[in-house]
Amino acid sequence: MSWEDLLPRPGQGSGVPEAVLGGMQARSAIDQNNAQTQLIGAQVQKLNDQQTQERQYQYDVAQYLKNPTPEATLAMFSKYPEQANALSKGYAVKDEAARNSDIGYFGSLYSALDKGNTPIALSTLRQRRDADQRAGLDTTLDDDWIAALEGGDTTASATIKGAVLANLAAAAGRDKFAQNFGAVGGSRELKSANAGDWVYDQQGNVVFKVPQADQYKSVGQGDTLVKIPGEGGAPTGGAGQYVGGWTPRARNGGDNADNVVDNKISGMATALGVGPDESLAGKSPLDIAKALTLSEGGPGSLADRNNNPGNLTDPKTGQFRKFPTKEAGLAAAAAQVARNLKRGQTTIRSMVEGLPVGGSSQSGGATVVATGQPKAKDAPNGYQWSADGAKLEPIPGGPADKGAATAALKPWPSKQLEARVTNDASIQNIDNAMRLLDPKNNSPEAKAARAAVGPFTGALGDQFTHWNDPGGDNFRALVGQIGGVIIKDISGAAVSATEDARLAKWVPKVNDPPATIAAKLRNLRREIEQRNLVMDRVARDQGYRPFGGSAPAAPASGGWGKATRVK
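Residue 6 in full-length UniProt numbering is what sits at position 6 of the sequence shown, and the numbering runs on without skipping anything.
So this is what it looks like as structure tokens:
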């Protein structure tokens with residue numbers, strides 16, 4: 001048979017002889033059976049491999065959780081990239097501010113766990129849980145972790161530490177985690193801190209970002225971090241809080257010569273009528289701020305253009321802050337002065353030059369960010385140790401005593417008090433609306449509320465909406481009232497949400513779906529709570545009574561600890 005015999009001929013269809021066709025079909029069947037056998041074998045092998053990998057993964061996780069470290073975390077991320085990427089995706093969708101907040105939280109929590117400081121770890125967890133509860137978020141995991149630590153379960157503590165490290169690596173990214181997070185637990189000495197480094201300060205269990213390069217350095221054996229000469233300072237209240245550009249002010253070196261510093265001191269002394277080394281006890285923070293700002297630049301200066309008479313800087317950017325009015329800038333400067341007074345800068349000279357660091361010739365006139373542990377019985381001013389020595393308590397009649405302290409404080413100004421009361425009323429309205437929007441709430445009132453809003457609500461006009469669903473008027477009015485508060489607060493006028501694109505993510509509208517309204521209300525609640533915190537902090541610094549009569553919080557029983565780079 002030649003190859004021509006296989007070509008089609010008229011009337012022969014395909015032209016393939018039956019014998020040849022039958023052989024080809026038989027061969028095809030054999031090949032198909034072989035292929036199926038190979039496919040089944042490959043599937044079985046793949047399943048076996050997957051089961052083996054899963055068993056290995058479970059074993060590795062168990063071993064990792066026995067002694068979780070930053071190095072072990074990186075090894076797990078490298079060995080199991082699929083699981084690592086799945087965890088990282090949750091942080092990739094967040095904006096930088098949210099990721100930084102998570103990094104600060106997990107960094108503080110891990111540092112406390114790694115040092116065996118369970119009370120600080122529990123305090124950090126409870127603050128997070130309370131914030132989640134106020135935001136309407138699930139707190140099951142927070143509650144489980146708190147219960148485990150309260151029960152003294154060492155195995156659970158290690159498990160929590162491993163989970164925290166994994167989330168820390170996912171939030172920061174593997175490269176940055178590998179570069180910087182090896183010192184979260186203090187595993188290496190801190191020689192310096194550059195711009196963008198995350199630094200852990202054990203005094204208040206605070207993780208903050210260094211705003212400017214070459215701004216901090218270590219002295220001794222790496223367990224003391226100090227501010228070196230120059231602008232800025234350590235954000236003692238945590239990331240995002242501004243600090244004074246003129247605090248501390250180095251007398252020698254940096255950008256301030258002796259004559260400049262002396263001129264500042266003499267100018268303040270003249271303005272306040274107080275000697276450079278005399279106590280400022282009789283002067284208010286506002287009076288001190290006014291005198292201090294005279295040396296920071298007159299009309300037309302950068303401080304004047306920014307409405308920032310204290311030359312305050314933002315630790316996130318290292319740039320000078322801009323305030324909307326000169327009054328706001330002066331109030332911020334006064335708040336910084338109040339913090340300086342609490343730190344012991346109680347004379348004009350110490351206010352300008354900063355406090356010296358004892359026992360170190362390297363630090364010059366820098367201000368200490370963190371130093372060694374204090375004596376166990378050194379109670380802060382106004383406090384004493386309890387009889388069993390386990391906790392701090394206010395000294396009766398002292399500055400920390402609730403009754404004595406509150407009686408000496410000023411009442412809130414009417415405008416600020418009205419704003420604070422309005423904020424609390426808005427939070428209550430939001431909570432009421434969130435309760436009705438909860439899909440698990442099957443009460444008639446909740447069902448009617450969810451039916452009263454939606455994409456087509458109001459499309460045919462308010463009169464038709466009222467005629468079609470009169471029972472939903474109250475809930476629609478509640479949603480509109482909540483939105484109106486933030487519109488007026490931010491824009492300062494009765495503009496609509498559509499006229500100001502900035503308000504879109506905050507302001508709920510009746511034609512939003514219920515789930516969208518709920519999400520906006522959660523965002524709005526967080527925003528109002530943050531404003532309340534700022535108002536309360538400024539009021540406290542200005543000498544006003546605590547809003548609602550709450551007692552001043554006792555300071556942490558711990559003290560200054562090692563400063564370590566965490567990012």
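All C-beta atoms, glycine included, are put in the ideal place defined by N, C-alpha and C.
Buried or exposed by the 16-neighbour rule on C-beta atoms within 10 Å, applied to Val164: buried
Nearest residue (CA-CA) to Arg526, options Ala515, Gln428, Arg545: Gln428
Collapsed DSSP secondary structure at Tyr59 in the structure displayed: helix
The stretch 117-129 touching the stretch 138-150, judged by at least three CB pairs closer than 8 angstroms: yes
Own chain partners of Glu174 with C-beta closer than 6 angstroms, once the 5 adjacent residues on each side are dropped: Contrary to the premise, residue 174 reads as Arg rather than Glu in this sequence. Closer than 6 angstroms at the Cβ level, and outside the excluded window around Arg174, lie Phe77.
Between the CA atoms of Ser123 and Thr159 - distance to the nearest angstrom: 18 angstroms
Expected contact under 8 angstroms - CB spacing of Ala75 and Arg522 to nearest Å: Contact flag wrong, Cβ pair sits at about 37 angstroms.
Integer-rounded CB distance, given that Tyr64 should sit under 8 angstroms from Gly162: 6 angstroms
Which of helix, strand or coil DSSP assigns to Thr347: strand
Meets three-Cβ-pair contact criterion under 8 angstroms: the stretch 111-121 and the stretch 83-103: no
Residue ranges of each alpha helix (DSSP H) within the stretch 96-125, 4 or longer: 96-114
The alpha helix (DSSP H) enclosing Gly90, as first and last residue numbers: 81-92
Reference Leu125, options Arg99, Ala98, Glu96, Ser157, closest by Cα: Ser157
Bounding residues of the alpha helix (DSSP H) (the contiguous stretch that carries Gln139): Per the sequence presented here, residue 139 reads as Thr, with Gln not at that position. That residue, Thr139, is in no alpha helix (DSSP H); it is neither H nor E in DSSP.
Reduced DSSP category for Leu524 - H, G, I as helix; E, B as strand; rest coil: helix
Run of the alpha helix (DSSP H) containing Val337, from where it starts to where it stops: 326-342
Glu54 to Gln416 span [Cα, whole Å]: 59 angstroms
Separation of Ile517 from Lys447, as counted between CA atoms: 15 angstroms
Residue of Ser350, Gln336, Glu278, Ser284 minimising C-alpha distance to Asn308: Gln336
Contact between the stretch 262-280 and the stretch 318-333 (3+ Cβ pairs under 8 angstroms): no
Proximity winner among Pro324, Leu292, Asp287, relative to Arg305 (alpha-carbon distances): Pro324
Buried or exposed by the 16-neighbour rule on C-beta atoms within 10 Å, applied to Leu533: exposed
Cβ separation of Ile348 and Ile265, assumed to be a contact under 8 angstroms, to the nearest whole Å: 6 angstroms
Rounded straight-line distance, which links the Cα of Val274 to that of Ala338: 18 angstroms
Endpoints, alpha helix (DSSP H) assigned at Ile160: 154-172
Lys283 to Ser443 span [Cα, whole Å]: 59 angstroms
Lys410 - partner residues in DSSP beta bridges: Tyr544
Beta-carbon spacing of Leu87, Ala166 below 8 angstroms: yes
For Phe77, the residue or residues it bridges with in DSSP: BP columns for Phe77 are empty, so no partner.
Close-in-space but distant-in-sequence residues of the same chain around Glu278 (CB under 7 angstroms, 5 per side omitted): Thr347
Close-in-space but distant-in-sequence residues of the same chain around Ala291 (CB under 7 angstroms, 5 per side omitted): Met268, Ala271, Leu272
N- and C-terminal bounds of the alpha helix (DSSP H) containing Glu445: 444-451
Burial state of Lys342 (16 or more Cβ within 10 Å): exposed
Straight-line Cα distance separating Leu280 from Val352: 13 angstroms
The alpha helix (DSSP H) enclosing Arg305, as first and last residue numbers: 302-305
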